[in-house]
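Beneath this line is the structure, given in structure tokens, with notes to follow.
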Ligand SMILES: [Zn+2]
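In our numbering, the protein residues as written are -10 to 612.
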């Protein structure tokens, strides 16, 4: 599109001179931005000259908003880091400088309006002195007009916010910029929807008006920008695949070009830790080629044919959906975006959908559906439903047993857990020993489990519990101290949860209790992170947690109850019980303290009755 006045000569030398000499009132906003727009260092990741080729998907947006184009409303549903707000500033500066016109800019709140003016617009004017000197008013020269008003010959820019009726009462504006409209309240001081009020500001200008609306979306059905985008020609930014799209621009179309959408990205990740193990690549959905992110710049370049194409052609309003995958190289990368998605996915399986909602809104530029992916969330019912009937008390793949004991004022609670290869675990027995932990009878009953009890392995052999940990917390520290110190040589250890959120699972060097007995500090938060991330695996593969049919509903209620706060700390909600989680975590700590790496065990560790230490070693080595 060349909207400049034609030169009478076809000689390129003359055209060059003509273009250089004549001031051009017909310049479009994208070209104006490339020519004159300076980005201030206070608010820009790339200060200095604005380059529209960094975000080429916005060139057409700026053309639609230019006076040469007949479009009256432009609506952008966007991810973060794609430059849509800066387009609003380009528009605003253009209509101060080139085609002066009255303007209104509305942000969601007073704080945001103030911040936008003081941190973005005014600093932009400071680095563009030829416009700044046209602006009158302001307390000091540095203000360049006031915070909420910039008056210039031919018009003024009023900056307001969505909650204030007064923002909508100023004179009509030819240019209306409504920024981040999903942050707008439903009603302005009883006068109606601020989005509608904002649009009405421009009505007096008829076909000359320009309304620019942008936002990241929020919840489906309640998202302003979703409704606006639906009421538009619904464009997306199509690009050539470097491998299969025809090079001839005339032959390029929707059916042989590509768009960046969530489902077309490919990557490997650790299904246990939810971390990326490969770079994210884009898979061309025509030829199947995996494309590295570094080719994004070439693909988005309009010289190679990239352009917006409408899904709802013919609608008078222009709309563009632009997710963060289009963010230019050096801004927000695909690896970062999809690692965020994995982290969100992990949180979601524990029933925490906040991170995924944010990801869908701010990266994928889609409104969130409340029932999205509900079926894969980890719930007590889903875990209860996957209980198994073991062939023996201890299944064949279990190599060693450990136990964790939680101490309460009136009882001990414990879980015996079987550990196998590749991180797999089997719940074996969950039990409660009622009685004050400081009383001899309670300790004898605990001995009967931890030291004496045998479990039948599927092979027919007998197993006993290898390492046992007992919680030192609560009011029974002395009782636990007495108990574990006398059984330390039988691998019964006192443990205590470390307060730091990032403490390691176990510190293998014991400290001392105030009763001068050995105590191991354990990183309960790290241990819970580990357990909960294994708990959500549903495929029976590596790191899977097996549960027997003997476990009741209460067990599962107690292992899904905790929620992670923003600092990453697992919190047990007030009034809820979580002993099942604690017992399991303590058993996992026992496994760490045992010093035995299951992955390296040649055979399961069976118990041989009445074998002398020497003889027992020989038997074990013969197996
Ligand atoms: Zn291709």
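C-beta: ideal position from N, C-alpha, C; glycine also. Here the structure is a predicted model, which is why all the values come from computation and not from measurement.
- Query: Taking the alpha-carbon positions, what's the residue 236 to residue 186 distance?
  - Reply: Numbered from its first residue, the chain shown carries residue 236 at position 247. Numbered from its first residue, the chain shown carries residue 186 at position 197. Taking the straight line from one Cα to the other gives about 46 Å.
- With respect to the beta strand (DSSP E) encompassing residue 147, which residues constitute its N-terminal and C-terminal limits? By one-based count along the chain shown, residue 147 stands at place 158. In the DSSP assignment, residue 147 falls within the beta strand (DSSP E) that extends over 144 to 150.
- If you follow the beta strand (DSSP E) that residue 544 is part of, which residue opens it and which one closes it? The residue given as residue 544 occupies position 555 in the chain shown. Counting along the chain, residue 544 falls outside any beta strand (DSSP E), though it belongs to the alpha helix (DSSP H) covering 542 to 548.
- Query: With distances taken between CB atoms, is the gap from residue 421 to residue 404 smaller than 8 Å?
  - Reply: Position 432 of the chain shown, counted from the first residue, corresponds to residue 421. Position 415 of the chain shown, counted from the first residue, corresponds to residue 404. 8 Å or more divides the Cβ of residue 421 from the Cβ of residue 404.
- Task: Return the bridge partner residues of residue 123 from the DSSP annotation.
- Result: For this step, residue 123 is matched to residue 134 along the chain shown. Paired residues: none, contrary to the question.
- residue 320 versus residue 70: straight-line alpha-carbon distance, rounded: Translated into the one-based positions of the chain shown, residue 320 becomes position 331. Translated into the one-based positions of the chain shown, residue 70 becomes position 81. One C-alpha to the other measures close to 7 Å.
- Query: At a cut-off of 7 Å, is residue 253 close to ligand 1 when judged by its beta-carbon and the heavy atoms of the ligand?
  - Reply: In the chain shown, the residue the question calls residue 253 occupies position 264. With a threshold of 7 Å, the Cβ atom of residue 253 does not count as near ligand 1, since no heavy atom of the ligand is closer than that.
- Query: From residue 366 to residue 337, what does the alpha carbon distance come to, in whole angstroms?
  - Reply: Counting from one through the chain shown, the residue named residue 366 turns up at place 377. Counting from one through the chain shown, the residue named residue 337 turns up at place 348. Any reading at residue 366 must be qualified, since the residue scores a pLDDT of 49, below 50, and its modelled position is unreliable; no value is offered.
- Item | Stretch pair the segment 457 to 471 + the segment 501 to 515: three plus CB contacts closer than 8 Å | yes
- Kindly indicate which residue of 84, 97, 79 and 355 has the alpha-carbon position closest to the one of residue 251. Here residue 251 refers to the residue found at position 262 of the chain shown. If we check each option's Cα against that of residue 251, 355 comes out closest.
- Item | Member of 83, 484 and 255 whose CA lies at the smallest distance from the CA of residue 574 | Indexing the chain shown from 1 puts residue 574 at position 585. Ranking 83, 484 and 255 by Cα distance to residue 574 puts 484 first.
- Could you name each continuous alpha helix (DSSP H) segment of 4 residues or more that falls completely within the segment 515 to 582, going from the start of the chain to the end? 542 to 548
- Note down the Cα distance separating residue 310 from residue 348, rounded to an integer number of angstroms. Sequence index remark: in the chain shown, residue 310 carries index 321 (1-based). Sequence index remark: in the chain shown, residue 348 carries index 359 (1-based). Rounded to the nearest angstrom, the two C-alpha atoms are 16 Å apart.
- Task: Out of 112, 533 and 283, state which residue places its alpha-carbon closest to the alpha-carbon of residue 387.
- Result: Along the chain shown, one-based indexing puts residue 387 at 398. Comparing Cα-Cα distances from residue 387 to each of 112, 533 and 283, the minimum goes to 533.
- Query: residue 94 and residue 168: beta carbons closer than 8 Å?
  - Reply: Looking up residue 94 in the chain shown gives position 105. Looking up residue 168 in the chain shown gives position 179. Closer than 8 Å, so yes.
- Run the CB neighbour count on residue 370, radius 10 Å, all protein chains shown included, and call it buried at 16 or more, exposed below. What you label residue 370 is simply residue 381 of the chain shown in a count that begins at 1. Exposed: under 16 other Cβ atoms inside 10 Å.
- Item | Sequence-distant residues of its chain with Cβ nearer than 8 Å to residue 593 (five each side left out) | On the chain shown, position 604 is the one that residue 593 refers to. Excluding residues within five positions, the ones whose Cβ falls inside 8 Å are 387, 388, 389, 446, 448, 450 and 452.
- Query: Beta-carbon separation of residue 108 and residue 202 under 8 Å?
  - Reply: For the purposes of this step, residue 108 is taken as the residue at position 119 of the chain shown. For the purposes of this step, residue 202 is taken as the residue at position 213 of the chain shown. No. Outside cutoff.
- Looking at the structure shown, is residue 19 part of a helix, part of a strand, or coil, going by DSSP? In the chain shown, residue 19 corresponds to position 30, counting from 1. Of the three classes helix, strand and coil, the one that applies to residue 19 here is helix, per DSSP.
- Within 6 Å of ligand 1: residues by beta-carbon to any heavy atom: Selection output, chain order preserved: 230, 232, 233, 273, 275, 276 and 278.
- Taking just the CA atoms, how far does residue 578 sit from residue 516? Stepping through the chain shown from its first residue, residue 516 is reached at position 527. Stepping through the chain shown from its first residue, residue 578 is reached at position 589. Distance between the alpha carbons of residue 516 and residue 578: 8 Å.
- Task: Quickly, what does DSSP pair residue 34 with across the bridge? List them, please.
- Result: Numbered from 1 along the chain shown, position 45 holds the residue referred to as residue 34. None, per the DSSP bridge assignment.
- Alpha carbon to alpha carbon, how far is residue 197 from residue 23? Give it in angstroms, no decimals. Translated into positions along the chain shown, residue 23 becomes position 34. Translated into positions along the chain shown, residue 197 becomes position 208. Between residue 23 and residue 197, the C-alpha separation is close to 24 Å.
- Query: Apart from the five residues on each side of it in sequence, which residues of its chain come closer than 7 Å, Cβ to Cβ, to residue 78?
  - Reply: Counting from one through the chain shown, the residue named residue 78 turns up at place 89. These residues qualify, in order along the chain: 109, 110 and 113.
- From the DSSP output, read off the bridge partner residues of residue 392. If you number the chain shown from 1, residue 392 lands on position 403. Paired residues: 405 and 457.
- Item | Residue closest to residue 558, alpha-carbon to alpha-carbon, out of 521, 588 and 542 | The residue given as residue 558 occupies position 569 in the chain shown. Measuring from the Cα of residue 558, the nearest candidate turns out to be 521.
- residue 324 and residue 265 closer than 8 Å at C-beta: Here residue 324 refers to the residue found at position 335 of the chain shown. Here residue 265 refers to the residue found at position 276 of the chain shown. Taking 8 Å as the Cβ cut-off, residue 324 and residue 265 qualify as a contacting pair.
- Quick one: measure Cβ to Cβ for residue 523 and residue 416, integer angstroms, because I've assumed they're closer than 8 Å. For the purposes of this step, residue 523 is taken as residue 534 along the chain shown, with counting starting at 1. For the purposes of this step, residue 416 is taken as residue 427 along the chain shown, with counting starting at 1. Contact between residue 523 and residue 416 does not hold, since their C-beta atoms are separated by about 12 Å, which reaches or exceeds 8 Å.
- Message: I'd like to confirm something about residue 398: is its beta-carbon nearer than 7 Å to some heavy atom of ligand 2, or not?
- Response: Here the bound small molecules are ligand 1; ligand 2 is not part of this structure.
- beta strand (DSSP E) segment containing residue 229, residue limits: In the chain shown, residue 229 corresponds to position 240, counting from 1. Residues 224 to 229.
- Go ahead and pull the three-state DSSP assignment for residue 478. Against the chain shown, residue 478 aligns to sequence position 489. Residue 478 falls in the helix class under three-state DSSP.
- With contact counted as at least three CB pairs below 8 Å, one residue from each stretch, are the segment 171 to 186 and the segment 117 to 129 in contact? no
- Item | Simplified DSSP assignment, three categories, for residue 500 | Start at 1 with the first residue of the chain shown, and residue 500 comes out as number 511. Of the three classes helix, strand and coil, the one that applies to residue 500 here is strand, per DSSP.
- For the alpha helix (DSSP H) that contains residue 328, what are its first and last residues? Here the question's residue 328 lines up with position 339 in the chain shown. Run containing residue 328: 323 to 338, per the alpha helix (DSSP H) assignment.
- Item | Nearest neighbour of residue 492, chosen from 293, 513, 585 and 482 [CA to CA] | Residue mapping note: residue 492 aligns to position 503 of the chain shown, counting from 1. Checking every option, the nearest Cα to that of residue 492 belongs to 513.
- Query: Based on the DSSP output, what are the partners of residue 314 in its beta bridges?
  - Reply: Numbered from 1 along the chain shown, position 325 holds the residue referred to as residue 314. Partner(s): none; residue 314 has no beta bridge.
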